[in-house]
Amino acid sequence: MSLARRPSRPGGPAADVVKNGTAPGAAELCFRARGVTKVYGEGQAAVHALRGVDLDLPEGEMVVVLGASGSGKSTFLNILGGLDTPTGGEVLFRGQDISRANQRQLTEYRRRHVGFVFQFYNLMPSLTARENVALVTEIAEAPLAPEAALAMVGLEDRLDHFPTQLSGGEQQRVAIARAVAKQPSVLLCDEPTGALDSATGVRVLEALKTVNDDLGATTLLITHNAGIADIADRVVLFADGRVREVRVNRAKKQPREISW
Numbered sequence: 001m002s003l004a005r006r007p008s009r010p011g012g013p014a015a016d017v018v019k020n021g022t023a024p025g026a027a028e029l030c031f032r033a034r035g036v037t038k039v040y041g042e043g044q045a046a047v048h049a050l051r052g053v054d055l056d057l058p059e060g061e062m063v064v065v066l067g068a069s070g071s072g073k074s075t076f077l078n079i080l081g082g083l084d085t086p087t088g089g090e091v092l093f094r095g096q097d098i099s100r101a102n103q104r105q106l107t108e109y110r111r112r113h114v115g116f117v118f119q120f121y122n123l124m125p126s127l128t129a130r131e132n133v134a135l136v137t138e139i140a141e142a143p144l145a146p147e148a149a150l151a152m153v154g155l156e157d158r159l160d161h162f163p164t165q166l167s168g169g170e171q172q173r174v175a176i177a178r179a180v181a182k183q184p185s186v187l188l189c190d191e192p193t194g195a196l197d198s199a200t201g202v203r204v205l206e207a208l209k210t211v212n213d214d215l216g217a218t219t220l221l222i223t224h225n226a227g228i229a230d231i232a233d234r235v236v237l238f239a240d241g242r243v244r245e246v247r248v249n250r251a252k253k254q255p256r257e258i259s260w
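Here full-length UniProt numbering is used: the sequence shown runs in plain steps of one and ends on residue 260.
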């Protein structure tokens, strides 16, 4: 499976509400999901995490994914990121089917195209901010310099600080810099502000917006905080393993303008 690098960022979406998660006539798609299911276990113990997800996600957008715990949003994010595979259905990345890729192909897909940001920072405590980011740049095809990635998230003055010398928000921004240093096509963020207070969370959202604007990476951000949806190009609501609603923001807000 050979996957192309990111094309140029498209124009804006065409509708305010997208029926069934699909958008006929929309800009070039980054992801196209059809009938995606995920079942864990068998028989009476089976857990149906996804129950037939249909969703189109155009290139270059900032997408906020909302839903209660257990709604399927993290499972779907993991499938988009190549960390998991669906039980049924199809997921296309730029027209190529990643839902049937083998483990070697998924590893290559993640290495070339996907950056991950999680609620917990997963930094190496014995390495500085610069060195934590450099871990990724050593294996990437066309990486940013660690200094450039850290400057993008406002940490140019913290290059040689260790994680214990950084606040929680600064550590999360190092994690974002690490994810974007390889210049990914896709940035997947699972509750990146979940452990942060509102002021710190806003700074993290500003860093993510800068990455989305400057690199054009298609960015998906999972959150329980409905107020964060106001910064998105597109908002996806999950419930009971399905996409219940997709809406497009015509009047996006800046992170500092949202109600936390």
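Glycine included, every Cβ here is placed at the ideal spot set by N, Cα and C.
By the DSSP assignment, the alpha helix (DSSP H) with residue i in it spans what residues?
{"i": "residue 261", "result": "The displayed coordinates of the chain run from 1 to 260. Any statement about residue 261 would go beyond what the structure contains."}
{"i": "residue 205", "result": "198 to 215"}
Taking DSSP as the reference, what is the three-state secondary structure of residue i?
{"i": "residue 109", "result": "helix"}
{"i": "residue 231", "result": "helix"}
{"i": "residue 24", "result": "Note that residue 24 scores a pLDDT of 49, beneath 50, so its modelled location is shaky; the value from the coordinates is reported in the next line. In this structure, residue 24 counts as coil in the three-state DSSP scheme."}
{"i": "residue 254", "result": "coil"}
{"i": "residue 31", "result": "strand"}
{"i": "residue 53", "result": "strand"}
{"i": "residue 184", "result": "coil"}
{"i": "residue 159", "result": "coil"}
{"i": "residue 101", "result": "coil"}
{"i": "residue 291", "result": "Absent from the model: residue 291. The displayed extent of the chain is 1 to 260, so no value can be given."}
{"i": "residue 168", "result": "helix"}
{"i": "residue 147", "result": "helix"}
{"i": "residue 43", "result": "helix"}
Tell me which residue opens and which closes the beta strand (DSSP E) that residue i is part of.
{"i": "residue 245", "result": "242 to 248"}
{"i": "residue 115", "result": "114 to 118"}
{"i": "residue 219", "result": "218 to 223"}
{"i": "residue 62", "result": "62 to 66"}
Could you check if residue i is buried or exposed, using at least 16 other CB atoms within 10 Å of its CB as the buried criterion?
{"i": "residue 157", "result": "exposed"}
{"i": "residue 224", "result": "exposed"}
{"i": "residue 125", "result": "exposed"}
{"i": "residue 67", "result": "buried"}
{"i": "residue 173", "result": "buried"}
{"i": "residue 138", "result": "exposed"}
{"i": "residue 25", "result": "With a pLDDT of only 48 at residue 25, under 50, the local geometry of the prediction cannot be trusted, and the value read off the model is given with reservation. Residue 25 is exposed by the Cβ-count criterion."}
{"i": "residue 82", "result": "buried"}
{"i": "residue 12", "result": "Unreliable positioning characterises residue 12 in this predicted model, as indicated by a pLDDT of 40, which lies under 50. The coordinate reading is nonetheless provided below. Exposed is the call here."}
{"i": "residue 130", "result": "buried"}
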